[in-house]
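Trainee:
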Amino acid sequence: MRAAVAASQNFDDPLSCLVVQDVPEPEARPGWVRVRVVASSINPHDLWTLRGVGHPADRIPIILGCDAAGYTDDGRAVLVHPVIASADRGSGDPTMDPQRALLSEMHNGGFAEYVLVPETSLVPKPDFLSFEEAAALPVAWGTAYRMLFSRAGLQAGDRVLVQGATGGVASAAIALARAAGAVVYATTRDASKFDFARECGAHEVFLSGARLPERVDIVVETVGEATWSHSLKALRPGGTVVICGATSGPNANADLNRVFYQQLSIIGSTGCTVTELRGLLRLMQTAGLRPKIEQTVSLENIRDGFELLLAGANRGKIAVKVSEA
Ligand SMILES: NC(=O)c1ccc[n+]([C@@H]2O[C@H](COP(=O)([O-])OP(=O)(O)OC[C@H]3O[C@@H](n4cnc5c(N)ncnc54)[C@H](OP(=O)(O)O)[C@@H]3O)[C@@H](O)[C@H]2O)c1
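Structure representation (structure tokens):
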């Protein structure tokens, strides 16, 4: 079968390590099922793997792709919950399992004609979503759902700031927070992206770092260094910043005086549970939400999608069409 593989790692030139090649098909084993992949989506995680960040060299080569939607061998249309973990080891929450692995970290990922996943990772694909839309959800939208509802405890009427509005997680957070009855502010580096953020559901959009009309209850952070200081300043006393990523760098000024004096909460968040993924799908169906897909690329031309993500030029998600539905 064809697959997009991280064949090596290079921090400065990650795409030089990306190879589309023939690999052996996976074979089902007890507790694991084979999914014929119809669609996947590209995440920054795939770039981190190619750069050698958070993925040890001894796990190369590996098939990339954290997301997948397709058909099981017995004909079920599914999407794949990508956190392969044990709830027991995580004290009831598999995302807290110290040995958890996102698809493509320990096990071959979804940029392939077939992917092998635990039976417990399968979630029925709802009819209201195409396979490309379904494959855009588990990592980006699942993470945004957990950040807002499970970690930051969003309530209707809360004021939410979403930094880096046009990213996969950020655009999902805007839509979900709006659907949950929040007042949503968003920032982006580029004024030409304001309309996109409004289409996602933002009430008002600002350039990164701009003063907001009011302090907010929750900030959704994925950008890191470039926006961290603004995120802390934007919070009301007692507010919460919830962070799942640091695209622009991890070493922001902690501003500890502000954290204790304003009694701020800083909450990390990673992935989502199967239960949260199912909740996300129900919320999207009842609220009429769908992910915005900037571009769909074929598996053979997956490099085009990576280049868009690398340039920070994506608005929402980049889907990968692997086979016909
Ligand atoms: N912990 C988890 O489970 C988890 C899950 C998903 C993602 N993540 C992480 O979260 C981050 C965002 O993921 P994503 O899928 O939303 O990525 P993405 O689609 O590439 O979005 C990143 C966004 O950050 C904004 N940004 C602002 N300043 C930036 C800068 N200096 N450099 C680059 N981007 C900048 C951009 O928005 P504007 O152009 O609008 O400013 C960009 O669209 C990544 O680091 C990813 O690894 C973590």
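The opening residue of the sequence shown carries number 1 in full-length UniProt numbering; numbering runs sequentially from there. Note that beta-carbon positions come from the ideal geometry of N, C-alpha and C, so glycine has one too.
Scan the stretch 14-81 and note each continuous beta strand (DSSP E) run of 3 residues or more that stays entirely inside, going in chain order.
Mentor: Segments of the beta strand (DSSP E) lying fully in the stretch 14-81: 18-22, 32-42, 69-72, 77-80.
Trainee: Could I get the ranges of all uninterrupted beta strand (DSSP E) runs contained in the stretch 224-292, with 3 residues as the minimum, in chain order?
Mentor: Runs found: 235-243, 265-268.
Trainee: Check whether the stretch 184-199 touches the stretch 255-275, taking contact to mean three or more Cβ pairs, one atom from each stretch, closer than 8 Å.
Mentor: Counting Cβ pairs under 8 Å, fewer than three are found: no touch.
Trainee: Any heavy atom of ligand 1 closer than 6 Å to the Cβ of ARG189?
Mentor: Locating residue 189 in the sequence shown gives position 189, counting from the first residue. For ligand 1, at least one heavy atom lies less than 6 Å from the Cβ of ARG189.
Trainee: Flag this pair as touching only if the stretch 47-56 and the stretch 8-16 have three or more C-beta atom pairs under 8 Å; answer yes or no.
Mentor: Enough Cβ pairs lie closer than 8 Å, so yes.
Trainee: Using C-beta distances below 7 Å, list every residue in its chain close to ALA319, excluding the 5 sequence neighbours before and after it, in chain order.
Mentor: Here residue 319 is taken as the residue at index 319 of the sequence shown, counted from 1. So the list reads ALA39, SER41, GLU132, ALA135, ALA136, ILE293, THR296, once near-sequence residues are dropped.
Trainee: Which residue or residues does DSSP assign as beta-bridge partners of VAL216?
Mentor: Taking the sequence shown and counting its residues from 1, one reaches residue 216 at position 216. Paired residue(s): LEU235.
Trainee: Taking the beta carbon of ASN108 as the centre, do at least 16 other beta carbons fall within 10 Å, making it buried, or is it exposed?
Mentor: Along the sequence shown, read from residue 1 onward, the residue named residue 108 stands at position 108. It counts as buried.
Trainee: In chain order, what residues of the same chain lie with their CB nearer than 7 Å to the CB of PRO14, ignoring the 5 residues before and after it?
Mentor: Locating residue 14 in the sequence shown gives position 14, counting from the first residue. These residues qualify, in order along the chain: LEU47, LEU50, ARG51.
Trainee: Buried or exposed for MET106, going by 16 or more other Cβ atoms inside 10 Å?
Mentor: Residue mapping note: residue 106 aligns to position 106 of the sequence shown, counting from 1. Answer is exposed; the Cβ neighbour count stays below 16.
Trainee: Between the stretch 138-147 and the stretch 203-213, do three or more beta carbon pairs fall short of 8 Å?
Mentor: Verdict: no, contact absent.
Trainee: Quick check on the DSSP output: the alpha helix (DSSP H) that includes THR143 runs from which residue to which?
Mentor: Taking the first residue of the sequence shown as position 1, residue 143 is located at position 143. 142-145 is the extent of the alpha helix (DSSP H) around THR143.
Trainee: Look at the alpha carbon of ALA311 and the alpha carbon of ILE84, and state the distance between them as a whole number of angstroms.
Mentor: The sequence position of residue 311 within the sequence shown is 311, counting from 1. The sequence position of residue 84 within the sequence shown is 84, counting from 1. Looking at the two C-alpha atoms, the distance is approximately 30 Å.
Trainee: Between VAL169, PHE128, ASP67, which lies nearest to ALA287 when the distance is taken from Cα to Cα?
Mentor: In the sequence shown, counting from the first residue as 1, residue 287 sits at position 287. It is PHE128.
Trainee: Below 7 Å between beta carbons: does that hold for ARG189 and SER171?
Mentor: Counting from 1 along the sequence shown, the entry for residue 189 is found at position 189. Counting from 1 along the sequence shown, the entry for residue 171 is found at position 171. Going by C-beta atoms, ARG189 is not nearer than 7 Å to SER171.
Trainee: Which residue's Cα is closest to the Cα of CYS17: PHE306, ALA313, VAL322?
Mentor: In the sequence shown, counting from the first residue as 1, residue 17 sits at position 17. Nearest of PHE306, ALA313, VAL322 to CYS17, Cα basis: PHE306.
Trainee: What separation, rounded to the nearest whole angstrom, lies between the Cα atoms of VAL220 and ARG278?
Mentor: For this step, residue 220 is matched to residue 220 along the sequence shown. For this step, residue 278 is matched to residue 278 along the sequence shown. So the two alpha carbons sit approximately 21 Å from each other.
Trainee: Taking 8 Å as the threshold, find out whether the stretch 243-259 comes into contact with the stretch 70-80 through three or more Cβ pairs.
Mentor: Counting Cβ pairs under 8 Å, fewer than three are found: no touch.
Trainee: How many angstroms separate the CA atom of ILE267 from the CA atom of SER248?
Mentor: Counting from 1 along the sequence shown, the entry for residue 267 is found at position 267. Counting from 1 along the sequence shown, the entry for residue 248 is found at position 248. Looking at the two C-alpha atoms, the distance is approximately 18 Å.
Trainee: Just how far apart, CA to CA, sit TRP228 and GLY168?
Mentor: The residue given as residue 228 occupies position 228 in the sequence shown. The residue given as residue 168 occupies position 168 in the sequence shown. Straight-line Cα distance between these residues: approximately 18 Å.
Trainee: List the endpoints of the continuous alpha helix (DSSP H) containing ALA135.
Mentor: Position 135 of the sequence shown, counted from the start, is the residue given in the question as residue 135. Element bounds for ALA135: 131-135.
Trainee: Restricting to Cα atoms, I'd like to know which of ARG215, ASN251, ARG159, PHE149 is closest to GLU225.
Mentor: Sequence index remark: in the sequence shown, residue 225 carries index 225 (1-based). GLU225 has its Cα closest to that of ASN251, out of ARG215, ASN251, ARG159, PHE149.
Trainee: From ILE60 to ALA210, what distance separates their C-alpha atoms?
Mentor: Locating residue 60 in the sequence shown gives position 60, where the first residue counts as 1. Locating residue 210 in the sequence shown gives position 210, where the first residue counts as 1. Cα-Cα distance, rounded: 42 Å.
Trainee: Could you tell me the alpha carbon to alpha carbon distance between ARG2 and ASP58, rounded to whole angstroms?
Mentor: On the sequence shown, residue 2 is found 2 positions in, with the first residue counted as 1. On the sequence shown, residue 58 is found 58 positions in, with the first residue counted as 1. Taking the straight line from one Cα to the other gives about 22 Å.
Trainee: Which same chain residues end up closer than 7 Å to PRO237 when comparing Cβ atoms and leaving out the 5 residues on each side of it in sequence?
Mentor: Locating residue 237 in the sequence shown gives position 237, where the first residue counts as 1. Contacts found: GLN262, GLN263.
Trainee: Hey, quick one: how far does the beta strand (DSSP E) through GLU307 stretch, first residue to last?
Mentor: Taking the sequence shown and counting its residues from 1, the one referred to as residue 307 is at position 307. Run containing GLU307: none in the beta strand (DSSP E); it sits in the alpha helix (DSSP H), 302-310.
Trainee: In this structure, how does DSSP classify ASP188 when only helix, strand and coil are distinguished?
Mentor: Indexing the sequence shown from 1 puts residue 188 at position 188. Checking the sequence shown, residue 188 turns out to be Thr, not Asp. Reduced to three states, the DSSP call for THR188 is strand.
Trainee: Use the C-beta contact count for ASN301: other C-beta atoms within 10 angstroms, 16 or more gives buried, fewer gives exposed.
Mentor: The residue labelled residue 301 in the question sits at position 301 within the sequence shown. Exposed, by the Cβ-count rule.
Trainee: Using a 10 Å radius around the Cβ and a threshold of 16 neighbouring Cβ atoms, would you call GLU91 buried or exposed?
Mentor: Counted from its first residue, the sequence shown places residue 91 at position 91. Looking at the sequence itself, residue 91 is Ser, so the reference to Glu does not match. SER91 should be labelled exposed.
Trainee: For SER86, count the other beta carbons within 10 Å of its own beta carbon; 16 or more makes it buried, fewer makes it exposed. Which is it?
Mentor: Stepping through the sequence shown from its first residue, residue 86 is reached at position 86. Flag for SER86 reads exposed.
Trainee: Leaving out the 5 sequence neighbours to the left and right, which residues in its chain are closer than 6 Å to GLY65 when beta-carbon positions are compared?
Mentor: As a working mapping, residue 65 is identified with position 65 in the sequence shown. For GLY65, where only same-chain residues beyond five positions count, the Cβ hits under 6 Å are SER40, SER104, GLY109, GLY110, PHE111.
Trainee: Are ALA173 and ALA197 touching if we call contact CB-CB under 7 Å?
Mentor: One-based indexing of the sequence shown puts residue 173 at position 173. One-based indexing of the sequence shown puts residue 197 at position 197. No.
Trainee: What's the C-alpha gap between ASP158 and VAL216?
Mentor: Taking the sequence shown and counting its residues from 1, the one referred to as residue 158 is at position 158. Taking the sequence shown and counting its residues from 1, the one referred to as residue 216 is at position 216. C-alpha separation (whole angstroms): 8 Å.
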